Every structure is written in C-alpha cells, then in structure tokens.
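Undergrad: Per our numbering: the sequence shown ends with 623, consecutive numbering throughout. Would you mind keeping the following structure in view while I ask a few things?
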Amino acid sequence: MSLPFRAQFPLHATRCAQALIAFAFLAFAAGQTFGQAPAFSQIIVFGDSLSDDGNVKDRTENTSGGVVSYPSGNYNYANGRFTNSASTSPGSPVFVGTWHEQLAQTFLGLPAATYSLGGGTDSAFGGATTKDGTSERTVISNPTPFGGGQLTITVNNMGKQISDYLASHVVDPNALYIVWGGGNDLFDDDSAASVSATASRAAALVNRLALAGAKYILVPNVPPLGVVPNYLGNEPKMGSLNAASQAYRSQLNANLDSTVAALAVQGITPTIYRLDVWANFVRITANPFAYGFGDVQNSSQGHSVVPDNFLFWDDIHPTTSGHYQTAKDANRALTTPPVASAKALNLAARINVGLGENVAIGGFIVTGNVNKRVYIRGLGPSLSSNGVPNPLLDPTIELFDGANSSLMKNDNWRTTQEAEIMATGNPPKNNSESAIIRTLPPGRYTVVLAGNGGGTGNGLIEVYDLDAAADATLANISARGFVGTNDNVLIGGFIIGSGDEAIVVVRAIGPSLAPAGIANPLLDPTIELHNGNGDAIGFNDDWKGTQASSAIRATQLMPTDDREAAIVASLPPGNYTAVVRGKSNATGVALVEAYRIP
C-alpha cells in the first residue's frame with residue numbers, strides 16, 4: 026500500500042493566527058446492513074501459530090519421543106495453543122481458545138475445528154509460511170517466531186497443508202475455509218520482494234481451493250507486525266515490519282481482485298471474505314481502553330496481571346481476549362456487506378491573511394488514476410455574516426501544482442468562468458470574492474489566498490469535488506499557522522460522512538519545521554481531538570509517550586521529532602475538530618495535518 030501523501034507547501038506558507046480545515050468522507054456503497062452468515066457446515070483452517078490448536082504440540086511430542094509437549098502448560102501456554110487459558114500463569118477463563126475456535130463457538134454456533142494430526146480440520150502449524158513443502162523450526166522458549174530453543178521440528182507450510190487436505194478429503198461446498206498466513210514469511214524476510222511473493226502465494230492458495238470446489242473462503246491479512254512486543258524498542262525492525270505489513274495489505278487485496286476476476290472467467294464464483302486484521306489492530310492500539318485493553322505493547326505471560334487486559338500473551342501472539350477481537354471482526358466480515366472506502370469531497374481552510382509570506386495557503390492531493398474536476402473558492406466579505414471579524418475585503422486565489430507552477434488565478438469571480446461557477450449552484454455571495462473551476466490530474470496542489478492591493482484580514486479557502494463519481498479522490502490536507510495563547514490556537518476540522526468508520530491520523534508538527542527554514546517553530550505542540558458536541562475524545566503530547574504510539578507506527582505516519590503530537594482515531598460519521606496548542610503556553614509556527622488511511 027502506498028503511504029498517504031504528505032501535502033507539501035511552499036516555504037512562503039502563511040503564519041496565521043487561526044486555521045480551520047474541513048473535509049467530508051462519503052462512501053458510495055450500500056449502507057451497513059448486518060445480516061446472517063451462511064449456514065456453514067464446518068470450519069476448515071489453513072494457517073500458522075495464530076490458528077494452530079494442536080499440530081505443533083503433536084509434532085513436538087512425536088519428534089521428542091514424548092519428552093517435549095509444546096505448546097502446553099509445561100511452558101505456560103494453553104494446551105496446544107500459543108495463547109493463555111484458565112490454567113496458565115496468569116490465567117483467565119473469560120475467553121477460550123484461538124480466534125477461529127471463538128468464531129465457531131461464540132458467533133457461528135459450530136463446533137471448533139480441531140488439529141489435523143489428531144483427525145480434525147485445523148491444518149494450521151505454528152511457524153508455517155505460505156510456501157509449499159515443509160520448514161524446519163526450532164521451538165521451546167519464547168518463539169520469535171521459533172527463533173531458538175532445544176528442539177527442531179518439521180512444520181507443514183500452508184501449500185502442503187492444502188495439498189494434504191485435497192489429497193485426502195472431498196471438498197465440502199458448504200464449509201467455511203480459512204486461509205490465514207503471511208506473518209512468518211514477513212518475519213523471515215520483510216523485503217519488498219518477499220511481500221510481493223507472499224501476497225501472490227496467498228492468493229494462489231485461495232485459487233487452489235476455489236478450483237477444487239470451495240464456495241466460502243475467509244482470507245485475513247496480517248496485523249502490523251512491527252507492533253508485537255518482541256521488537257519493542259528496535260526502531261529499524263519495527264519500521265521495516267510495519268512497512269511490509271502495510272504493503273502486504275494492499276498487495277493481497279490486489280492479488281485477490283485478480284484471482285476473483287480470473288475465476289469468474291471460468292464460471293467459478295466463490296464468496297471470498299476479506300478480513301482486515303491490519304485495520305482492526307490499528308483501531309485497537311489507537312484506543313485500547315475502548316476494547317478493554319490497558320496494555321497493547323507488552324506481553325502478559327508470567328506476570329502478575331489480568332491477561333484479558335493485555336493484547337499480547339507472549340512476545341508474538343495475542344491473548345485469548347486479543348483472539349476474541351479478531352473473531353468478532355471475522356464475524357462482522359461474514360455478515361456485513363463490504364463498504365467502499367470513504368472519499369474526501371470538500372476541503373476548506375480559514376486563515377488570517379497577511380502580507381508577503383503571510384498569505385494563506387491550503388494544500389490538497391488528488392489521488393487515483395483519472396483527472397478530477399474541482400471548484401475552488403476564496404472568500405472574505407461574506408464571512409462577516411457569520412460573525413467573523415476583520416474579513417478580507419477583496420480576496421484573490423492562485424492555484425499551483427506540485428512543481429509550484431501557477432495554473433490559474435482569479436480576482437472577482439464574475440470576471441471569468443461566471444457561467445460555470447453559477448452552474449455549480451454555489452457561487453460566492455460577494456462579487457469581490459474569487460473562484461476557479463479546473464480539471465486536475467492526480468498530484469499535489471496548493472491554493473494561495475491573498476488580499477488584492479495588499480489587503481489583510483480573515484479569509485476562507487474552499488475546495489469542492491465536482492465529480493465525485495470519478496475514480497479519483499481529494500485527500501490529505503494541512504494548514505500552517507502561528508499558534509499563540511488563549512484563543513489564538515491552530516484549529517483543524519473535518520467531517521466524516523456516511524459509510525464505515527474512517528481511520529484518521531491527525532498530527533501537530535512544530536520542531537521539524539525548522540530544517541525547512543521556518544522561523545520560530547512551536548517547540549512542543551499538543552493536539553486535542555473533539556467530536557461535534559465539543560467533547561474531548563483524544564489528546565496527545567509527545568507522540569511516543571503513550572500506548573497509542575503503536576498505532577501511529579503502524580500507519581507509518583510517525584512525526585520526525587519526539588516532541589510532536591499525533592492521534593490515530595477510528596471515527597464514525599460526524600464532525601470533528603483538532604486543536605493545536607503550545608505546551609505551557611508556548612507559541613510559534615505549527616502545522617496541523619489530517620490523513621485518511623485507505
């Protein structure tokens with residue numbers, strides 16, 4: 026997945042007293058209508074340690090002649106599972122089993138799949154990759170994964186798991202088949218080539234099952250692998266694994282799209298459910314308390330804690346409460362029609378317009394692969410009717426592309442494009458205000474709002490999407506301004522329209538502006554997030570200082586300075602406001618940014 030673009034503003038960006046940004050996210054797909062999952066006859070599983078409920082234990086017992094039974098209570102694990110149980114230390118009876126066991130028993134009313142070496146339908150092996158054949162893995166002690174210990178066993182990779190199953194079973198067209206792997210592939214090699222190869226292999230496994238007659242297939246992606254406790258503090262490895270996980274999410278989706286299309290040509294139309302484990306983990310780590318977690322960074326195994334309050338049991342694997350969250354999300358994937366990712370349709374920034382370098386600048390990005398027709402307005406006089414003091418009396422606007430080349434300029438909207446602007450049904454209310462309609466290819470753009478003849482005052486930049494149906498999106502906005510004290514803070518607002526919850530990252534940037542030549546940067550910014558009722562729903566000072574830093578890392582949108590602030594939030598439709606202040610009433614130039622995670 027390509028990382029969200031960061032809007033790049035010219036160095037003459039405004040140092041404003043206030044800025045207001047707004048953008049709307051709307052989904053076009055059918056609304057969220059919850060229904061019933063099909064009446065599956067059974068669950069059949071192919072995967073790794075996240076789904077293994079006894080195969081590695083059976084293999085260690087046979088390999089060691091009964092001396093070693095792992096994972097088990099002897100090594101502080103649930104029997105045959107890489108998680109906790111009521112009998113572990115610490116233990117809890119609240120959630121029982123791995124995610125697919127909880128999915129079957131808690132949500133689908135089915136018997137849980139048992140391990141295949143014992144005659145069951147769960148072929149998952151701890152340590153398995155998406156490759157064919159087998160792997161040799163060392164076990165015992167804390168697996169990283171299976172990175173050290175006293176015993177080497179042979180693990181069936183997922184290609185072999187499916188081959189063995191198809192060789193000995195008639196495909197059940199009413200069963201739910203689960204294909205979940207990729208984590209061990211990326212732990213072993215998180216390079217771009219490995220990501221691509223792993224996504225291709227995972228899609229090929231799905232294709233094999235569909236060709237064999239499987240009608241219902243659930244395919245999860247991987248969580249952000251850099252957030253597991255094993256790599257906490259290892260910045261390079263955390264970064265490379267998180268980047269690989271995010272890229273795998275995108276490439277797996279693309280490969281599954283191709284697989285579905287190729288199968289359809291052959292008249293084969295299975296239902297392929299996609300489980301976005303990556304997004305679910307981001308939501309959990311961004312707001313742990315909403316999901317019942319107090320700790321999403323450390324392991325709970327062997328500590329005097331309540332494991333249900335922890336996301337992780339050991340340094341790699343989740344607790345049963347973590348497994349429950351995956352089971353719940355899997356049930357949602359089985360019962361909820363997919364909702365198209367939300368689009369940003371309208372952007373705006375209200376800024377105090379000054380002279381020279383203190384003109385107002387708003388930035389936006391057109392993403393996608395087709396041109397986007399946009400309508401841009403520069404307002405001033407009409408703001409007075411809304412109680413805005415000192416409005417800019419004669420605003421002008423100029424549009425620049427990513428190379429800072431001027432594309433179009435307007436002063437007084439009726440002088441050019443009057444008919445087109447009137448046709449939008451939303452012309453400026455004052456003839457002195459300005460407007461532009463332009464069709465833009467994908468790329469970065471900035472809009473400069475200035476006062477004609479050296480005028481100053483409060484102005485408003487707005488950008489509207491005139492072609493929402495086009496396969497292009499307005500995205501990722503920011504505004505730079507001077508943060509003072511009291512009410513002279515930097516404010517960013519956004520609107521999330523109908524559709525699924527949107528994962529949004531808002532950031533307050535200050536110290537890292539200095540290398541770009543910004544004088545007097547805000548040295549320690551804080552950021553608050555408020556809902557439409559004005560209630561505070563998030564706060565951050567120094568982005569590394571909270572449990573939610575795992576979510577920030579997962580999105581790959583970490584500020585470059587530890588003193589800067591960031592919030593990741595999963596937000597339902599509504600109005601939201603981000604407020605940037607200086608810690609201890611500090612003042613200086615700051616940047617407020619908002620990113621939507623696709």
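For glycine and all other residues, C-beta sits at the position ideal for the given N, C-alpha and C. None of these values were measured; they are calculated from a predicted model.
Looking only at DSSP bridge pairs, what is His-555 linked to?
TA: For the purposes of this step, residue 555 is taken as residue 530 along the sequence shown, with counting starting at 1. Paired residues: Ala-561 and Thr-602.
Undergrad: Mapping DSSP to helix, strand and coil, what is Trp-338?
TA: The count along the sequence shown starts at 1 and reaches residue 338 at position 313. Looking at Trp-338 - three-state DSSP - the assignment turns out to be coil, as it is neither helix nor strand.
Undergrad: State the beta-bridge partners of Asp-213 as determined by DSSP.
TA: Numbered from 1 along the sequence shown, position 188 holds the residue referred to as residue 213. Paired residue(s): none; Asp-213 is not in a bridge.
Undergrad: Do you know offhand how far Gly-482's Cα is from Ser-409's?
TA: One-based indexing of the sequence shown puts residue 482 at position 457. One-based indexing of the sequence shown puts residue 409 at position 384. Taking the straight line joining both Cα atoms gives about 11 Å.
Undergrad: For Leu-211, which option in Val-195, Leu-547 and Pro-249 has the closest C-alpha, if you only look at C-alpha atoms?
TA: Walking along the sequence shown from the start, residue 211 turns up at place 186. Leu-211 has its Cα closest to that of Pro-249, out of Val-195, Leu-547 and Pro-249.
Undergrad: What ranges does the beta strand (DSSP E) occupy inside the stretch 242 to 316, keeping only unbroken runs of at least 3 residues that lie completely in it?
TA: Listed in chain order, they are 296 to 300.
Undergrad: Pair every Cβ in the stretch 541 to 559 with every Cβ in the stretch 215 to 234, then say whether three or more of these pairs are closer than 8 Å.
TA: With a cut-off of 8 Å, the stretch 215 to 234 and the stretch 541 to 559 do not count as touching, because too few Cβ pairs lie within range.
Undergrad: Could you give the distance in angstroms between the alpha-carbon of Leu-28 and the alpha-carbon of Asn-312?
TA: As a first step, residue 28 must be located in the sequence shown, where it is residue number 3. As a first step, residue 312 must be located in the sequence shown, where it is residue number 287. Bear in mind that a pLDDT of 25 at Leu-28, under 50, signals an unreliable position, so the model cannot answer this.
Undergrad: Per DSSP, what kind of secondary structure is Met-447 in: helix, strand or coil?
TA: Locating residue 447 in the sequence shown gives position 422, where the first residue counts as 1. Looking at Met-447 - three-state DSSP - the assignment turns out to be helix.
Undergrad: Taking the straight line between their C-alpha atoms, what separation do you get for Ile-577 and Ala-591?
TA: Position 552 of the sequence shown, counted from the start, is the residue given in the question as residue 577. Position 566 of the sequence shown, counted from the start, is the residue given in the question as residue 591. Their backbone Cα atoms lie some 7 Å apart in a straight line.
Undergrad: Runs of 3 residues minimum, wholly inside the stretch 435 to 491: which ones carry the beta strand (DSSP E) assignment?
TA: With a minimum length of 3 residues, the continuous beta strand (DSSP E) runs that stay inside the stretch 435 to 491 are 459 to 465, 468 to 476 and 482 to 490.
Undergrad: Provide the residue(s) that pair with Val-503 in DSSP beta bridges, ordered along the chain.
TA: As a first step, residue 503 is located in the sequence shown; it is residue number 478 there, counting from the start. The residue asked about is misnamed: residue 503 is Ser in this sequence, not Val. Answer is Glu-618, bridged to Ser-503.
Undergrad: Looking at the strands, I want to know which residues DSSP matches up with Ser-160.
TA: In the sequence shown, the residue the question calls residue 160 occupies position 135. Beta-bridge pairing links Ser-160 to Val-180.
Undergrad: Can you check whether the CB of Val-531 is closer than 8 Å to the CB of Ala-615?
TA: As a first step, residue 615 is located in the sequence shown; it is residue number 590 there, counting from the start. As a first step, residue 531 is located in the sequence shown; it is residue number 506 there, counting from the start. Taking 8 Å as the Cβ cut-off, Ala-615 and Val-531 do not qualify as a contacting pair.
Undergrad: Is the beta carbon of Ala-235 sitting closer than 8 Å to the one on Phe-65?
TA: Taking the first residue of the sequence shown as 1, we reach residue 235 at position 210. Taking the first residue of the sequence shown as 1, we reach residue 65 at position 40. No, Cβ-Cβ distance for Ala-235 and Phe-65 is not below 8 Å.
Undergrad: From which residue to which residue does the beta strand (DSSP E) around Val-395 run?
TA: What you label residue 395 is simply residue 370 of the sequence shown in a count that begins at 1. Segment: none, Val-395 is in no beta strand (DSSP E) and carries neither H nor E.
Undergrad: By Cβ distance, which residues of its chain are closer than 8 Å to Pro-597, with the 5 residues on each side in sequence left out?
TA: Translated into the one-based positions of the sequence shown, residue 597 becomes position 572. Cβ within range, chain order: Ile-521 and Glu-526.
Undergrad: Grouping DSSP H, G and I as helix and E and B as strand, with all else coil, what is Phe-519?
TA: For the purposes of this step, residue 519 is identified with residue 494 of the sequence shown, where counting begins at 1. Strand, per DSSP.
Undergrad: Hey, out of Gly-238, Asp-333 and Val-514, whose CA is closest to Thr-602's CA?
TA: What you label residue 602 is simply residue 577 of the sequence shown in a count that begins at 1. The candidate whose alpha carbon is nearest that of Thr-602 is Val-514.
Undergrad: Mind checking who Gly-403 pairs with in its DSSP beta bridge?
TA: The count along the sequence shown starts at 1 and reaches residue 403 at position 378. In the DSSP output, where bridge partners are listed per residue, Gly-403 has Ser-459 and Ile-486.
Undergrad: DSSP has Ile-69 in a bridge; who is on the other side?
TA: As a first step, residue 69 is located in the sequence shown; it is residue number 44 there, counting from the start. Ile-69 is bridged to Tyr-202.
Undergrad: Touch check for the stretch 154 to 168 and the stretch 109 to 124: three-plus C-beta pairs under 8 Å?
TA: No, the stretch 154 to 168 is not in contact with the stretch 109 to 124.
Undergrad: Does Tyr-349 come out as helix, strand or coil in the three-state DSSP assignment?
TA: The residue you call residue 349 lines up with position 324 of the sequence shown. Correct three-state label for Tyr-349: helix.
Undergrad: Restricting to runs no shorter than 3 residues, where is the beta strand (DSSP E) found entirely within the stretch 65 to 150?
TA: Entirely contained in the stretch 65 to 150, the beta strand (DSSP E) runs reaching 3 residues are, in chain order, 68 to 72.
Undergrad: Just to confirm before moving on: does the CB-CB distance between Gly-613 and Pro-540 stay below 8 Å?
TA: Within the sequence shown, the letter at position 588 stands for residue 613. Within the sequence shown, the letter at position 515 stands for residue 540. Taking 8 Å as the Cβ cut-off, Gly-613 and Pro-540 do not qualify as a contacting pair.
Undergrad: Just reading off the beta strand (DSSP E) that Arg-532 is part of, what are its end residues?
TA: For the purposes of this step, residue 532 is taken as the residue at position 507 of the sequence shown. Residues 527 to 534.
Undergrad: Excluding the five sequence neighbours on either side, which residues of its own chain have a C-beta within less than 6 Å of the C-beta of Asn-323, listed in chain order?
TA: As a working note, residue 323 is residue 298 in the sequence shown. Result list for Asn-323: Pro-254, in chain order.
Undergrad: Taking the alpha-carbon positions, what's the Gly-517 to Val-617 distance?
TA: Against the sequence shown, residue 517 aligns to sequence position 492. Against the sequence shown, residue 617 aligns to sequence position 592. Roughly 7 Å between the two C-alpha positions.
Undergrad: Below 7 Å CB to CB, which residues in the same chain sit around Trp-338 once its five sequence neighbours on both sides are set aside?
TA: As a position in the sequence shown, residue 338 is number 313, starting the count at 1. Correct list, in chain order: Thr-108, Asn-109, Ser-324, Ser-325, Gln-326, Pro-332 and Thr-344.
Undergrad: Measure the Cβ-Cβ separation of Asp-215 and Ala-269 and say whether it is below 8 Å.
TA: Start at 1 with the first residue of the sequence shown, and residue 215 comes out as number 190. Start at 1 with the first residue of the sequence shown, and residue 269 comes out as number 244. Yes, they are a contact pair.
Undergrad: So, for Thr-88: in the same chain, excluding its five sequence neighbours on each side, which residues have a beta-carbon less than 7 Å away from its beta-carbon?
TA: Working through the sequence shown from its first residue, we reach residue 88 at position 63. Only Leu-176 and Ile-178 meet the Cβ criterion.
Undergrad: Using the Cα positions of Phe-507 and Leu-418, report the straight-line distance between them to the nearest angstrom.
TA: In the sequence shown, residue 507 corresponds to position 482, counting from 1. In the sequence shown, residue 418 corresponds to position 393, counting from 1. Whole-angstrom Cα-Cα distance: 22 Å.
Undergrad: Pick from Met-263, Gly-145, Ser-114 and Leu-432: whose alpha carbon is nearest that of Ser-575?
TA: Position 550 of the sequence shown holds residue 575. Taking only the C-alpha atoms, the option nearest Ser-575 is Met-263.
Undergrad: Tell me where the beta strand (DSSP E) around Thr-421 begins and ends.
TA: Counted from its first residue, the sequence shown places residue 421 at position 396. 420 to 426 is the span of the beta strand (DSSP E), which, as asked, contains Thr-421.
Undergrad: Using alpha carbons as the reference points, say which of Ala-611, Arg-606 and Ala-579 lies closest to Thr-310.
TA: Your numbering for residue 310 matches position 285 in the sequence shown. Closest by alpha carbon: Ala-579.
Undergrad: If Gln-276 and Val-220 are in contact, beta carbons under 8 Å, what's the gap, nearest whole angstrom?
TA: The residue labelled residue 276 in the question sits at position 251 within the sequence shown. The residue labelled residue 220 in the question sits at position 195 within the sequence shown. The Cβ separation is near 6 Å, so the contact holds.
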